[in-house]
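Using the numbering used here, the first residue of the sequence shown is number 762, and each one after it goes up by one. We put the CB at the ideal spot given by N, CA and C, even for glycine. Report on one structure; see the data block that follows.
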Amino acid sequence: MSDRILRVEGDINLTEARQEWMGTLGGGTIEELNADSSSFIHQALSSPCLDVLESCSGSYLVTTSGKKILDFHGNNLHQIGYGNPKVIEAVSHMMRQLPFSPRRYTNKVAIELARQLTSKVPGLSRVLFAPGGSEANSMALKLVRIATGKFKVVSMWGAFHGAGLDTISVGGEAPFRKNIGPLMTGVQHVPQPESYRQLWKDDPDQDVYVALIRQVFENEGDVGALIAETVRNTDVQPPAKKFWQKIRALCDEFNVALILDEIPIALGRTGKFFAFEHYGITPDIVTIGKALGGGVIPMAAILTNEKFNMAAEHSVGHFTHEKTPLGCAAGLAVLKVIEEENLLERAQELGSLVQARLLEMKGKYEIIGDIRGIGLLWGVDLVTDRNSKTRAFLEAEQVMYDCLQNGLSFKVSQGNVINLCPPLTISVEDLNRALDILEGALIKISTK
Ligand SMILES: Cc1ncc(COP(=O)(O)O)c(C=O)c1O
762 MSDRILRVEG
772 DINLTEARQE
782 WMGTLGGGTI
792 EELNADSSSF
802 IHQALSSPCL
812 DVLESCSGSY
822 LVTTSGKKIL
832 DFHGNNLHQI
842 GYGNPKVIEA
852 VSHMMRQLPF
862 SPRRYTNKVA
872 IELARQLTSK
882 VPGLSRVLFA
892 PGGSEANSMA
902 LKLVRIATGK
912 FKVVSMWGAF
922 HGAGLDTISV
932 GGEAPFRKNI
942 GPLMTGVQHV
952 PQPESYRQLW
962 KDDPDQDVYV
972 ALIRQVFENE
982 GDVGALIAET
992 VRNTDVQPPA
1002 KKFWQKIRAL
1012 CDEFNVALIL
1022 DEIPIALGRT
1032 GKFFAFEHYG
1042 ITPDIVTIGK
1052 ALGGGVIPMA
1062 AILTNEKFNM
1072 AAEHSVGHFT
1082 HEKTPLGCAA
1092 GLAVLKVIEE
1102 ENLLERAQEL
1112 GSLVQARLLE
1122 MKGKYEIIGD
1132 IRGIGLLWGV
1142 DLVTDRNSKT
1152 RAFLEAEQVM
1162 YDCLQNGLSF
1172 KVSQGNVINL
1182 CPPLTISVED
1192 LNRALDILEG
1202 ALIKISTK
């Protein structure tokens, strides 16, 4: 069975470990899961599901059988936790006052959210909203075509930019692309940056990789955009400090629009509002989403500069829920919570705590090949052998199910990278509890 499993992001719902997990569930849960499974179209990384939820609040999910689970997965949208009272209050109020805003009208919350987002970073002074991240990336790609007259896009293998036909075309993960037929033309994928890092170990600024992208720009001659995640979220790959500065300069030299996809990591996850702020650059377009809707309303956006405000004759973001008052009310509440609760600083502080604990674990357990992180986003690379860096697929799965059993949920990416993505509002006590659960699972797997 494992031969046909494509291990990219997310956990796999076809393995033996999943079958064993199902055996641990009670009758009521199994019935619900079977009902789910017999109605929904089965798809990788989703149905069949592994448990049934009753409620969620703060850092916790609660299942119908009463299990409380610390959620370090959260589809990467729970920067301010679940059911944040300020979000619930703002959205409930708006539901009663202006539940919908049809096209040709605007509304005060949309105007205010646009104002606040466009005042975050000088230069990113224009915004469009969208109902999801994939649509936001789609808008960015269209806007570049309109503004530059060029349609070629450079993107990276291993990246995820959404599940739409255009966004899987620039994305680089097989379960989204294989056997799906012709994709968008003009996309040139470059290898995953980390594969180059492994090949050229004495290349601290990733110059070899930058040179590769230069070659593509030169040889294509008319690239319109480079789209990439500032820090790849799934298996947590923060680039070298100078990497984005070099790519920014390269894009300027070849007149290529730099689109940074920060859908899962903007709004504080990395310890800055936008992840690109760590690198001292500004992209031409940044796409954001997930946390923007406060974990309640689907909500995404693109931010760009005046140069790209030239699509007046096109309907770039013609969405039914375009200037959604509910999404905008949620977004404003999220920005307020981030500011009032100093969540950017908190992400850095808690991130240091996670780093210290993970480093300690790395010293103790050979199975940890590498730890990578930024702010409160951490990846723990599990390997069967540190020298060969052989990925520990089965072990990672066992660790995941062990942690689930003990009340901690997280995503496993690339089959062996534990992705730790807790709410920025998590208590230190809960954070340590989660790390204890993880360590408990690592101890078990290490002594097997
Ligand atoms: C980096 C990245 N881009 C785009 C998306 C797509 O966002 P959405 O699921 O809201 O369409 C995601 C979602 O996981 C993502 O992680």
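Contact test: residue i Cβ vs ligand 1 heavy atom, cutoff 7 Å
i, result
"ILE1024", "yes"
"ASN898", "yes"
"PHE921", "yes"
"SER916", "no"
"SER930", "no"
"ASN994", "yes"
"ALA1061", "yes"
"GLU934", "no"
"ASN1180", "no"
"LYS758", "Outside the shown range of the chain, which is 762 to 1209, sits residue 758, and nothing can be said about it."
"GLU1038", "no"
"LYS1125", "no"
"LYS1051", "yes"
"SER895", "yes"
"ASN1167", "no"
"ALA805", "no"
"GLU751", "Limits of the chain in this structure are 762 at one end and 1209 at the other, which puts residue 751 out of reach."
Where the alpha helix (DSSP H) through residue i begins and ends
i, result
"LYS847", "846-858"
"LEU1192", "1189-1207"
"CYS1089", "1086-1101"
Reference residue i, options the options, closest by Cα
i, options, result
"THR991", "GLU1014, PHE978, GLN953", "GLN953"
"ARG1194", "GLN1175, ASN1167, LYS1205, ILE1179", "ASN1167"
"HIS1082", "LEU859, THR776, GLY789, LEU831", "LEU859"
"CYS1089", "SER799, GLY789, ASP963, GLU850", "GLU850"
"ASP1022", "ALA989, LEU1185, ARG1009", "ALA989"
"ILE1099", "LYS881, LEU811, ASN836", "LYS881"
"PRO1184", "GLU781, VAL977, GLY844", "GLY844"
"ARG1133", "ILE1179, GLU1101, GLY788", "ILE1179"
"LEU1064", "PHE890, GLY787, TRP782", "PHE890"
"SER1174", "THR879, GLU934, ILE830, GLU793", "GLU934"
"THR1031", "SER800, LEU1138, VAL852, GLU793", "LEU1138"
Delimiting residues of the beta strand (DSSP E) encompassing residue i
i, result
"ARG887", "887-891"
"GLN1212", "An answer regarding residue 1212 cannot be provided, because it is not within the stretch 762 to 1209 covered by the chain."
"SER818", "814-818"
"ASN1180", "1178-1181"
Presumed contact (8 Å Cβ cut-off) between residue i and residue j, rounded CB distance
i, j, result
"GLN877", "ALA1052", "Actually they do not touch by this definition, with Cβ atoms about 14 Å apart."
"GLY1092", "GLY1056", "No, GLY1092 and GLY1056 are not in contact; Cβ-Cβ is about 12 Å, not under 8 Å."
"ILE1049", "LEU1028", "7 Å"
"LEU1192", "LEU1114", "7 Å"
"PHE1171", "PHE833", "4 Å"
"CYS1182", "GLY835", "6 Å"
"TYR1126", "LEU1203", "5 Å"
"ILE907", "ALA1072", "5 Å"
"ASP812", "THR790", "6 Å"
Residue i versus residue j - alpha carbon distance
i, j, result
"THR946", "GLU955", "25 Å"
"SER763", "ASN1066", "Note that SER763 has pLDDT 42, beneath the 50 cutoff, so the model's placement of it is unreliable and no number is given."
"VAL984", "THR909", "10 Å"
"VAL1077", "GLY1130", "44 Å"
"LEU1105", "GLU1158", "32 Å"
"LEU904", "ASN1177", "37 Å"
"ALA875", "ARG887", "8 Å"
"VAL1017", "MET917", "15 Å"
"ILE1128", "LEU814", "32 Å"
"THR1085", "ILE1020", "24 Å"
"VAL915", "ARG1009", "14 Å"
"HIS803", "ARG779", "15 Å"
"VAL971", "PHE861", "46 Å"
"SER1149", "ASN994", "24 Å"
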